[in-house]
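One structure is given below, encoded as structure tokens.
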Amino acid sequence: MLDTQSNNKRIAKNTAFLYFRMALTMFIGLFSVRIVLNALGEEDYGIYNVIGGVVTMLAFLNNSLSSATQRFLSFELGKGNKKELHSIFSNSMTLYIGICVILLVLAEILGLWFVNNKLVIPNERIVAANWIYQFSIISFLCTILSSPFNAVIIAREKMGVYAYVSIAESLLKLALIYSILVLGGDKLIIYGFFMMLVSVLVFVFYMFYCLMKFEETKYRYVFDKNKIREIGSFAGWGIWGALSNIFKGQGINILLNIFFGPMVNASRGIAYQVEGAVNTLVQNFYTAMRPQLIKSYAANETEEMFKLLNISTRLGYYMMFLVSLIFLYKTPLIFSIWLEKIPQYSITFTRLALISQLFIVLANPLMTAIHATGKVAKYQFLSGCIFMLVLPFSYFILKWDYNSFWPFIVLIVSSLLYWILTIERCYKLINLSLRNYFVMVFRLFLVSLILLLGAQLLYRWGTDGWLDFIVLCFYTLVVGIMAILFIDCSKSERIMIKELILSKFHK
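In my numbering, the protein residues as written are -5 to 501.
Structure, rendered in structure tokens:
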């Protein structure tokens, strides 16, 4: 039996570490965008976004590979079988080294041809674009090879390390970005080199930290066919899903570049920064919850697993929705404070991207439960197909109607379909109660509708000034909490929250 109270405390502690990391890194990251946009200019920023953005999109691939290894590590830890940890790590590293070699060859042949022959880049910036591409490949290799080390840290629930390294990484990036303002030479090339340097340093730190702290990370060449096949099958479908996400995200970037040029890529880059920052709110919570959910499944604690699913779905959705609500109505004001020059389509792109993320947030906890079962082939194949279709559908719609917003509409529809697929798979694999799940979702949407109606009234009666922004934030926080407590929470949950608050005051 898992110690539920101890697990909840560990989740809370790890979540606190991750939110401390998130608050600082999100602020530094968004502030850095302002400096980079001013230093590079809109055109060079767009070029970096469409080429160097591959590295950003590779976060999906890193998460997928890390999740594969972490799933097996957490599963063995949940069963109390620590002897298998070294075998899992070494076989994973062997597998990922092989993946690196294959993808490096493809990147240097097909990818290089595509950059030089298909992307819309001004002739005078082709050399700089090629430098950025090579720097991106090196960062890409570091991303792949760091996956097993990241998996060990998460499986061991050492979120404090994650938090401190992320903060140090953000501060180092900020310092290097500031240095671009005073250095001579091609600022785009210098910026790309600095971002690559940070990726290499972070990888080296994670590697040495794990080697010193965890015995299982001392790699030796192992090629256990059965183990490789098992991890490779799980990771392979995860890679397919991750590549479909990269195809979807970077594919939209490439389409926007081909149809509209690098200026529109700058708008997409700004929208992606905001989407990523807001999504980090939820992902930090999921990162802390994920090991416990997998361990609960491994220990046959199904009741505990469903409780974690319920709580993580509700909390994750509300965190994303409440922040997105403020952005949806006050994007122009927020951008006017954040950026000196606002790219033309960035406001609309940001709003549409956040709507798409709401469906992804609902699907993520269920996806973790599917990963816990290890039966991911059909799910990853179908979800990958859904996101792969975003690119061709967007292309044909843009041919029909020359409007840069269409790819984001297609993205919203694909995210909805992905959520529906995830529900269906959970029903089949873990016997998810559809009645209980849809009752929970109905309450989520009812709370959302109430908040949207109130926000719309405030928007129609107000102006786009500071006072209205403060009023909307106050409304979202106070009315949101009240609606969640009295519409979504059960009586026992309200009593538990009340007792928790009173206990804090009586300390």
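Glycine included, each C-beta is placed from N, C-alpha and C at the ideal position. This one's a predicted model, so the numbers in the text were calculated from it and none came from an experiment.
(1) Below 6 Å CB to CB, which residues in the same chain sit around L376 once its five sequence neighbours on both sides are set aside?
(2) Evaluate Y396 with the Cβ neighbour count: other Cβ atoms within 10 Å of its Cβ, from every protein chain shown; 16 or more gives buried, anything less gives exposed.
(3) To the nearest angstrom, how far is the alpha carbon of M490 from that of I478?
(4) Going by DSSP, what residue range makes up the alpha helix (DSSP H) through N124?
(5) Nearest by alpha-carbon distance to I354: which of S398, I391, A371, Y412 is it?
(6) Taking 9 Å as the cut-off, decide whether the C-beta atoms of T307 and L356 are in contact.
(7) Determine the DSSP secondary structure at S484, reduced to helix, strand or coil.
(8) Hey, out of W460, R262, I320, K335, whose CA is closest to W400's CA?
(9) When you measure from the CB of Q374 to every non-hydrogen atom of the ligand NAP, does any distance come out below 8 Å?
(10) What first and last residue would you give for the alpha helix (DSSP H) that runs through G459?
(11) So for Q277, helix, strand or coil by DSSP?
(12) Return the residue from the list G105, V407, L392, I391 that minimises the CA-CA distance to F381.
(13) Cutting at 7 Å between CB atoms, please list the residues of its own chain near Y215, excluding the five before and the five after it.
(14) Secondary structure at V114, three-state DSSP: helix, strand or coil?
(15) If F69 and I288 are in contact, beta carbons under 8 Å, what's the gap, nearest whole angstrom?
(16) Assuming contact is defined by CB atoms lying nearer than 9 Å, are V465 and G456 in contact in what I supplied?
(17) Are there 16 or more other CB atoms within 10 angstroms of the CB of P116, so buried, or fewer, so exposed?
(18) Below 9 Å between beta carbons: does that hold for C204 and I147?
(19) Could you spell out the range, first to last residue, of the alpha helix (DSSP H) harbouring S306?
(20) Quick one, are the C-beta atoms of V114 and I264 less than 9 Å apart?
(21) Cβ of L303 within 9 Å of Cβ of A363?
(22) Buried or exposed for M283, going by 16 or more other Cβ atoms inside 10 Å?
(23) Roughly how many angstroms separate the alpha carbons of Y339 and L31, rounded to a whole number?
(24) State the Cα-Cα distance for the pair S86 and M476, rounded to the nearest angstrom.
(25) Quick one: is N558 buried, meaning 16 or more other Cβ sit within 10 Å of its Cβ, or exposed?
(26) State the CB to CB distance for the pair F510 and G92, rounded to an integer number of angstroms; the pair is presumed to be in contact (CB under 8 Å).
(27) Can you find the residues in the same chain that come closer than 7 Å, C-beta to C-beta, to R488, ignoring five residues on each side of it along the sequence?
(28) Could you say which of L426, F143, S84 lies nearest to T296 if we only look at CA atoms?
(29) Can you look up Y42 in the DSSP assignment and give me helix, strand or coil?
(30) Span of the alpha helix (DSSP H) holding K393?
(31) Nearest by alpha-carbon distance to I174: which of Y185, S442, L166, L392 is it?
The answer reads as follows:
(1) Reading the sequence shown from its first residue, position 382 is the one you call residue 376. Non-local C-beta neighbours of L376 in its own chain, meaning closer than 6 Å and more than five positions away in sequence, comprise L415, ordered along the chain.
(2) Working through the sequence shown from its first residue, we reach residue 396 at position 402. Flag for Y396 reads exposed.
(3) Indexing the sequence shown from 1 puts residue 490 at position 496. Indexing the sequence shown from 1 puts residue 478 at position 484. Approximately 14 Å between the Cα atoms of the pair.
(4) Numbered from 1 along the sequence shown, position 130 holds the residue referred to as residue 124. Taken as a continuous stretch (DSSP letters only), the alpha helix (DSSP H) holding N124 covers 120 to 149.
(5) Residue numbering aside, residue 354 sits at position 360 when the sequence shown is read from its first letter. If we check each option's Cα against that of I354, Y412 comes out closest.
(6) Within the sequence shown, the letter at position 313 stands for residue 307. Within the sequence shown, the letter at position 362 stands for residue 356. Result yes, Cβ atoms of T307 and L356 sit closer than 9 Å.
(7) Translated into positions along the sequence shown, residue 484 becomes position 490. Three-state DSSP puts S484 in coil, outside helix and strand.
(8) As a working mapping, residue 400 is identified with position 406 in the sequence shown. W400 has its Cα closest to that of R262, out of W460, R262, I320, K335.
(9) For the ligand NAP, the structure offers nothing, since it holds no ligand at all.
(10) The sequence position of residue 459 within the sequence shown is 465, counting from 1. Counting along the chain, G459 falls outside any alpha helix (DSSP H), and DSSP gives it neither H nor E.
(11) Against the sequence shown, residue 277 aligns to sequence position 283. Reduced to three states, the DSSP call for Q277 is helix.
(12) Here residue 381 refers to the residue found at position 387 of the sequence shown. The candidate whose alpha carbon is nearest that of F381 is V407.
(13) For the purposes of this step, residue 215 is taken as the residue at position 221 of the sequence shown. Excluding positions up to five away in sequence, the list reads T88.
(14) In the sequence shown, the residue the question calls residue 114 occupies position 120. Reduced to three states, the DSSP call for V114 is coil.
(15) Here residue 69 refers to the residue found at position 75 of the sequence shown. Here residue 288 refers to the residue found at position 294 of the sequence shown. Yes, they are in contact, since the Cβ atoms of F69 and I288 sit about 6 Å apart, within 8 Å.
(16) As a position in the sequence shown, residue 465 is number 471, starting the count at 1. As a position in the sequence shown, residue 456 is number 462, starting the count at 1. The answer is yes: Cβ separation under 9 Å.
(17) Within the sequence shown, the letter at position 122 stands for residue 116. So P116 counts as exposed.
(18) Position 210 of the sequence shown, counted from the start, is the residue given in the question as residue 204. Position 153 of the sequence shown, counted from the start, is the residue given in the question as residue 147. In this structure, I147 lies closer than 9 Å to C204 by Cβ.
(19) To locate residue 306, count along the sequence shown from 1; it is residue 312. Note, S306: alpha helix (DSSP H), 296 to 332.
(20) As a position in the sequence shown, residue 114 is number 120, starting the count at 1. As a position in the sequence shown, residue 264 is number 270, starting the count at 1. Contact flag unset, no.
(21) For the purposes of this step, residue 303 is identified with residue 309 of the sequence shown, where counting begins at 1. For the purposes of this step, residue 363 is identified with residue 369 of the sequence shown, where counting begins at 1. Yes, these two residues count as a Cβ contact at 9 Å.
(22) Along the sequence shown, read from residue 1 onward, the residue named residue 283 stands at position 289. Result: buried.
(23) Residue numbering aside, residue 339 sits at position 345 when the sequence shown is read from its first letter. Residue numbering aside, residue 31 sits at position 37 when the sequence shown is read from its first letter. Whole-angstrom Cα-Cα distance: 15 Å.
(24) On the sequence shown, residue 86 is found 92 positions in, with the first residue counted as 1. On the sequence shown, residue 476 is found 482 positions in, with the first residue counted as 1. Rounded to the nearest angstrom, the two C-alpha atoms are 47 Å apart.
(25) Past the boundaries of the shown model lies residue 558; the chain is included only from -5 to 501, so the question cannot be answered.
(26) No information on residue 510 is available, as it lies outside the stretch -5 to 501 that the chain covers here.
(27) In the sequence shown, residue 488 corresponds to position 494, counting from 1. Answer for R488: L479, listed in chain order.
(28) Within the sequence shown, numbered from 1, the residue matching residue 296 stands at position 302. Considering only alpha carbons, the answer is L426.
(29) In the sequence shown, the residue the question calls residue 42 occupies position 48. It is helical.
(30) Within the sequence shown, residue 393 is the residue found at index 399, counting from 1. Secondary structure note for K393: its alpha helix (DSSP H) is the uninterrupted segment 384 to 394.
(31) Here residue 174 corresponds to residue number 180 of the sequence shown, with the count starting at 1. It is Y185 whose Cα lies nearest to the Cα of I174.
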